[in-house]
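First up is the structure itself, then whatever we jot down about it.
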Amino acid sequence: MAPRITVIGTGYLGATHAAAMAELGFEVLGLDVAQEKVAMLSRGEVPMYEPGLTELLRRHVAGLEGSTGRLRFTTSWEEVGEFGDVHFVCVNTPQKHGEYACDMSYVDAAFTSLARVLRRPALVVGKSTVPVGSAARLAALLAERSPAGAEVELAWNPEFLREGFAVEDTLHPDRIVVGIGGVGGERGEKLLREVYAKPIGEGTPFVVCDYPTAELVKTAANSFLATKISFINAMAEVCEAAGGDVVRLAEAIGHDDRIGRKFLRAGVGFGGGCLPKDIRAFMARAGELGADEALTFLREVDSINMRRRSHMVELAREAVGGGFLGRRVAVLGASFKPDSDDVRDSPALNVAGQIHLQGGQVTVYDPKGMPNARRVFPTLGYADSAAEACRGAHVVLHLTEWAEFRELDPVALGEVVAERRVIDGRNALSPREWQEAGWTYRALGRPTV
Ligand code: UDX
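For the sequence shown, the residue numbers in UniProt numbering are 1 to 449.
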């Protein structure tokens, strides 16, 4: 019989994973400690903006018209323990307040609650991004506290999904990485091969390794991506000093297959719930292991990234005549990247906030990120459209490259602003189009024209 699956934690990762498992044909039970989240998901509603997720959920949530009924949600640990053969733990590990290290309290609480209800053989699969060494510790916790003891195994299976592509990345991953423990680990591997039979059958590489390697794969991958972005942003700084064009430079170096073209878009830098906190947590953990020297470059990666934001503020200040008092600044974008409503560590919102705190009259517009932005930064001005945000502006800042912004008509927009000045913080607008419409176009890492 096919294994029955539970998913613990129904945030981005968990909600997507649960729906994807149901799509693969399994009976799935999702658990969250938040009653209101469980209620929403049970109605087929997704508490965040993620393309395709609502449809996927509605196709499977029990009780919805026309659904397969394979997916249910609960707040009951007892139910989870009775139901599941394979338990995926998908809770988050945010950055600790005022520290680099990540907060393991949700993971620890989830494992502790789960262990108590494991009364029969089960495989627990950790998917959360954790400091290396956590899996071994959590395996010991399960062995010690589960009534089923040695019949419970742990595998570590990091997740690489990108927000905005979560469904696609979960159903068609680039690779599946599985860390297994010593004795009995192969049983876990066998079960996971069964769970992931479909993507494996489609040619997805399946990499088996030990716990620490699996944990490190995730942080190493995110560190590499962050480094690539900061590298191109460092080149943008040099281009600005030397009069070069970083967009052309990225294109030219990217033609070398060894470098590749992806993740070389210079701009206001990376944000979100993963890259910034993952590189910081990685540095903190390396410090504990006495390997901090190996990762000192990540400190530089982080500071290049943060410098992009202050540089953007400086360019905006220059554009409005040297000071923000009495100046109106339109900010296009609030989410940390397009096709997401997530504003965690968003460069756009950070720049908007800095200008606001320095006395500028900031008006923000984002296609999907407004409710979250309003909640975390209620004192900023908000508008219901790009044109409204730009009304009377002395400078327009383009900080999140939504398709909607690329399609803006600079001629029409030129009619509503006070000054036709735009700074393209994502190198995504067409300089020629904006200039032809009478705008002073400025971008990061490109010559001023
Ligand atoms: C990232 C990883 O890509 C994913 O594999 C991991 O599982 C979680 O972290 P995500 O946070 O969804 O995913 O965003 P991603 O698409 O990687 O973008 C991160 C940030 O980098 C965004 O703020 C984006 O605007 C920025 N970025 C990306 C650039 O500034 N330049 C680029 O060339 C690419």
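Using N, Cα and C, we set each Cβ at its ideal position, and we do this for glycine too.
Proximity test, residue i beta-carbon vs the ligand UDX heavy atom, cut-off 7 Å
{"i": "residue 264", "result": "yes"}
{"i": "residue 368", "result": "no"}
{"i": "residue 405", "result": "no"}
{"i": "residue 215", "result": "no"}
{"i": "residue 304", "result": "no"}
{"i": "residue 274", "result": "yes"}
{"i": "residue 261", "result": "no"}
{"i": "residue 282", "result": "no"}
{"i": "residue 298", "result": "no"}
{"i": "residue 222", "result": "yes"}
{"i": "residue 37", "result": "no"}
{"i": "residue 337", "result": "yes"}
{"i": "residue 332", "result": "no"}
{"i": "residue 206", "result": "no"}
{"i": "residue 267", "result": "yes"}
{"i": "residue 229", "result": "yes"}
{"i": "residue 271", "result": "yes"}
{"i": "residue 377", "result": "no"}
{"i": "residue 160", "result": "yes"}
{"i": "residue 41", "result": "no"}
{"i": "residue 397", "result": "no"}
{"i": "residue 225", "result": "yes"}
{"i": "residue 163", "result": "yes"}
Nonlocal neighbours in the same chain, by C-beta distance under 6 Å from residue i, ignoring five residues either side
{"i": "residue 198", "result": "24"}
{"i": "residue 50", "result": "166"}
{"i": "residue 227", "result": "301"}
{"i": "residue 273", "result": "344"}
{"i": "residue 11", "result": "92"}
{"i": "residue 417", "result": "390 and 393"}
{"i": "residue 44", "result": "57, 58, 61 and 64"}
{"i": "residue 94", "result": "103"}
{"i": "residue 276", "result": "345"}
Buried or exposed by the 16-neighbour rule on C-beta atoms within 10 Å, applied to residue i
{"i": "residue 357", "result": "exposed"}
{"i": "residue 323", "result": "exposed"}
{"i": "residue 146", "result": "buried"}
{"i": "residue 35", "result": "exposed"}
{"i": "residue 401", "result": "buried"}
{"i": "residue 240", "result": "buried"}
{"i": "residue 255", "result": "exposed"}
{"i": "residue 1", "result": "exposed"}
{"i": "residue 385", "result": "exposed"}
{"i": "residue 262", "result": "exposed"}
{"i": "residue 310", "result": "exposed"}
{"i": "residue 190", "result": "exposed"}
{"i": "residue 27", "result": "buried"}
{"i": "residue 76", "result": "exposed"}
{"i": "residue 421", "result": "buried"}
CB contact flag (residue i, residue j, <8 Å)
{"i": "residue 152", "j": "residue 122", "result": "yes"}
{"i": "residue 387", "j": "residue 363", "result": "no"}
{"i": "residue 126", "j": "residue 338", "result": "no"}
{"i": "residue 115", "j": "residue 141", "result": "yes"}
{"i": "residue 204", "j": "residue 16", "result": "no"}
{"i": "residue 96", "j": "residue 158", "result": "no"}
{"i": "residue 215", "j": "residue 182", "result": "no"}
{"i": "residue 415", "j": "residue 395", "result": "no"}
{"i": "residue 13", "j": "residue 161", "result": "yes"}
{"i": "residue 268", "j": "residue 426", "result": "yes"}
{"i": "residue 200", "j": "residue 90", "result": "no"}
{"i": "residue 271", "j": "residue 346", "result": "yes"}
Boundaries of the beta strand (DSSP E) in which residue i is found, first to last residue
{"i": "residue 328", "result": "328-332"}
{"i": "residue 156", "result": "152-156"}
{"i": "residue 259", "result": "Premise fails: residue 259 is in no beta strand (DSSP E) and is neither H nor E."}
{"i": "residue 206", "result": "206-210"}
{"i": "residue 73", "result": "71-74"}
{"i": "residue 361", "result": "361-365"}
Host alpha helix (DSSP H) of residue i (start-end)
{"i": "residue 278", "result": "275-288"}
{"i": "residue 81", "result": "77-83"}
{"i": "residue 416", "result": "410-416"}
{"i": "residue 390", "result": "386-390"}
{"i": "residue 137", "result": "134-145"}
{"i": "residue 452", "result": "Given that the chain is displayed from residue 1 to residue 449, the structure contains no residue 452 and the question cannot be resolved."}
{"i": "residue 14", "result": "12-23"}
{"i": "residue 406", "result": "403-406"}
Residues near residue i in its chain [Cβ-Cβ closer than 7 Å; skip 5 each side]
{"i": "residue 355", "result": "313, 316, 324, 329 and 362"}
{"i": "residue 83", "result": "4, 6 and 29"}
{"i": "residue 282", "result": "219, 223, 295 and 298"}
Same chain only: Cβ atoms within 8 Å of residue i, ignoring 5 sequence neighbours per side
{"i": "residue 63", "result": "42 and 69"}
{"i": "residue 143", "result": "149, 150 and 152"}
{"i": "residue 186", "result": "180"}
Closer than 7 Å: residue i CB and nearest the ligand COA heavy atom
{"i": "residue 277", "result": "The ligand COA is not among the ligands present in this structure, which contains only the ligand UDX."}
Residue-chain proximity (residue i, chain B), Cβ-Cβ < 8 Å
{"i": "residue 163", "result": "Absence of chain B from the displayed structure is noted, only one protein chain being present."}
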